[in-house]
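Remarks on the structure that follows.
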C-alpha cells in the first residue's frame, strides 16, 4: 500500500518536473528567438521588455479606466444576455411544442460567427459602449438559452407533480420549482456565456471603438509598440481566465 | 390517427416557419411605414433584391469557396497534427497527465484576440487566417482523440493481446476502429471552430472571403447588401452545421 502511494507520489513529482521543464524550454526558446532577430525586429521582444511594459501598464491610472469600461460592458452583457437566455430557455423547455418548433433555430444559430453581426450592431447602437454591450449580450444569450431549455426538460417530474398537487400557478411554479432546480444549468450557461461575452466585447472594441482594453491592444499594434501590445494581450487573457475561474467556483457551489 | 401523427410531426415545423414569416412580414411593414430608416434596417424585400448584385458584382460564390477552403485547410491541418498528438497523450501516461489540462486551457483561451500578433508576424494574408483557425480547431481534435482512445473498453484490448497482436496491429485493428466515433466528433467540432474563426478573422483583418465582404459592404454603407451577405453567412453556416451533424450521426454506431 505504502509502496503504491510512494510510486504515485513519484509519478506526480515527475509530471510536475516535466511541466516545469517544458515551461523553462519554452521561455528559453522565446528568449533565443527574441535575441536572434529571426523574425522582424521587435516582433518577438524579450520577455523582460514585456514584463517592463506590463508593469508600466499596471501602474498607469489611464489603463484602469479602460479595463473598467471593458469589465462594465461585459458585466452588463452577461446580465442582459443571461436574463434573456433564462426567459427563452424556460419558455422552450416548458413547452414540448415550442421546443420542437423553435429550438432547432437556436441550436444551429448558436455556433454561427457572431462577429459578423457587428456592422448591424454598430449601425443600431453606434461606436460607443452600446454596440459592445449588444455584441456581448448576443454572444451570452445562446449558451444560456440552450443550457436552460435542456435543464428544464431534466427537472425531476416528481417535483413538478408536487407543485401541481399544491395548485401552484405559473409564476409560483417558476419561482419555487423550476428556478431552484435550474441552478446547475444556469451556472453552466453562465460559465459558457461569460467567456464568450468577454470575447465579444473585446473583439467589438478591437474592431471599432475609442476606449477599452480591446481598443488599447489595437492602438499599441498600430503604433508598433509591440511589448505593450503583448502586455495588454496578457491582461486580456488574464481577465478572461479570471472570469472563467470565478464562474467555475460558482458552478461548484450547487453541488456542495 | 395518421392525421394526428402528421400534425404532431409537421405542426411544430409549420409553427417555426410561420413565426419566421411573421417576423419578416412585421419587419417589412415597419420599413414600409418609415418607422426605421432604410439605411439602418432595409426591408427584407430590398435585402432579397440585393442578391443578384451580391453574386454578380461582389463575387459571393468565389468568396464562399475561399472561406470554406480556408476552413477545410485549417481543420485538415488540425486533424493531421491533432490526431497523433491526442494518441501520444493517450499512449504515454506521463504526457497525458502533464499536458492534457494545458490543451484544455488552450481550448478555452480567447485565441482570436491574438490576431494582431499574427498580423505582425505573418502579415495580412491567408496564412494568418489559416494559422489562427488551425490553432482554434486543434485542441478539440486532440482532446476528443484522447477521450476516444481512453474510453475503449479494456476487454477489447485484452482480447487483442490474447490473440498475440503487436502494438501496430492493436492500433489498426482495435484502438482506431473503437475510437473513430469520438474522433469524428472532434473532427466535426474542429471544422465548426475553424469556420467560425475563418469568418471572424476575415472580418477583423478585412481580407479574404465572406468576412471581408461583410466588412467592405459595411464600410461602403451598402446596407441592403451587407444584410444580405450576413444572412448568407448565417444560413450557410447553419446548413453546414446541420449536414456535419447528420454525417456524424451516420458514422456513429447506434
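Residue numbers (my numbering), protein chains in the order written: chain A, 201 to 456; chain B, 9 to 262. Every residue, glycine too, gets a C-beta built ideally from N, C-alpha and C. Quick caveat: nothing in here was measured; it's all calculated off a predicted structure.
In terms of CA proximity to residue 386 (chain A), A:351 leads the group A:351, A:358, A:317 and A:337. If you check the CB distance, residue 366 (chain A) and residue 20 (chain B) do not come in under 8 Å. By the Cβ-count criterion, residue 228 (chain A) is exposed, with fewer than 16 other Cβ atoms from all chains shown falling within 10 Å of its own Cβ. If you check each beta-carbon in the segment 239-261 of chain B against every beta-carbon of chain A, the ones closer than 7 Å belong to 241, 242, 245, 246, 249 and 250.
Contact annotation, residue 194 (chain B) with residue 120 (chain B): C-beta distance approximately 20 Å; criterion of less than 8 Å not satisfied.
Taken atom to atom, the span from the alpha-carbon of residue 374 (chain A) to that of residue 364 (chain A) is near 12 Å.
In its chain, beyond the 5 residues on either side, 236 have a beta carbon closer than 8 Å to the beta carbon of residue 56 (chain B).
Taking each of A:405, A:333 and A:325 in turn and checking the Cα distance to residue 274 (chain A), the smallest one comes out for A:333.
In the three-state DSSP reduction, residue 263 (chain A) falls in the helix class (H, G or I). The C-beta distance from residue 331 (chain A) to residue 404 (chain A) rounds to 6 Å, short enough to meet the 8 Å contact threshold.
Judged by their CB atoms, residue 84 (chain B) and residue 154 (chain B) are not nearer to each other than the 8 Å cut-off. Chain-ordered listing is empty here: chain A has no CB closer than 8 Å to the CB of residue 81 (chain B), the nearest sitting near 17 Å.
When DSSP assignments are scanned along the segment 57-133 of chain B, the uninterrupted stretches of alpha helix (DSSP H) that are 4 or more residues long and fall wholly within it turn out to be 59-64, 68-99, 101-116 and 123-130. Between the segment 253-260 of chain A and the segment 392-400 of chain A there are fewer than three inter-stretch CB-CB distances shorter than 8 Å, so the stretches are not counted as touching. CA-CA distance, residue 357 (chain A) to residue 377 (chain A), rounds to 10 Å. Here residue 312 (chain A) carries a coil assignment [DSSP, helix/strand/coil]. A straight-line Cα-Cα distance of about 27 Å links residue 127 (chain B) and residue 224 (chain A). In chain order, 50, 54, 55 and 58 place their CB closer than 6 Å to the CB of residue 232 (chain B), counting only its own chain and leaving out the 5 sequence neighbours on each side. Excluding the 5 residues flanking it on each side, residue 416 (chain A) has same chain C-beta neighbours closer than 6 Å at 266 and 432, in chain order.
Two segments are said to touch when three or more pairs of C-beta atoms, one from each, lie closer than 8 Å; by this definition the segment 213-227 of chain B does not touch the segment 32-41 of chain B.
In this structure, DSSP gives residue 32 (chain B) a helical state, which the three-state scheme calls helix. The straight-line gap separating the alpha-carbon atoms of residue 422 (chain A) and residue 230 (chain B) is approximately 27 Å. For residue 368 (chain A), the CB contacts under 8 Å within the same chain, skipping 5 residues up- and downstream, are 376 and 377 in chain order. Within the model, the alpha-carbon separation for residue 90 (chain B) versus residue 146 (chain B) is close to 6 Å. Using a Cβ-Cβ cut-off of 8 Å, residue 52 (chain B) does not count as an interface residue toward chain A, since no Cβ of chain A sits closer than that to its own. Interface with chain B (8 Å Cβ-Cβ cutoff): residue 214 (chain A) is included. Straight-line spacing of the CA atoms in residue 429 (chain A) and residue 436 (chain A) works out to 10 Å. With contacts defined as CB atoms closer than 8 Å, residue 395 (chain A) and residue 344 (chain A) fail to qualify as a contacting pair. Contact between residue 209 (chain B) and residue 198 (chain B) fails: their C-beta atoms lie close to 16 Å from each other, not under 8 Å. The three-state secondary structure of residue 369 (chain A), taken from DSSP, is coil. When DSSP states are grouped into helix, strand and coil, residue 220 (chain A) belongs to the helix group. Against chain B, the CB of residue 312 (chain A) has a partner CB under 8 Å away; the residue lies at that interface. Counting along the chain, the unbroken alpha helix (DSSP H) around residue 166 (chain B) starts and ends at 162-170. If you look at residue 253 (chain A), you'll find it in the alpha helix (DSSP H) that goes 247-258.
Close to residue 121 (chain B), with beta-carbon spacing below 9 Å, are these residues of chain A in chain order: 399, 402, 403, 406, 414, 417, 433, 436, 437 and 440.
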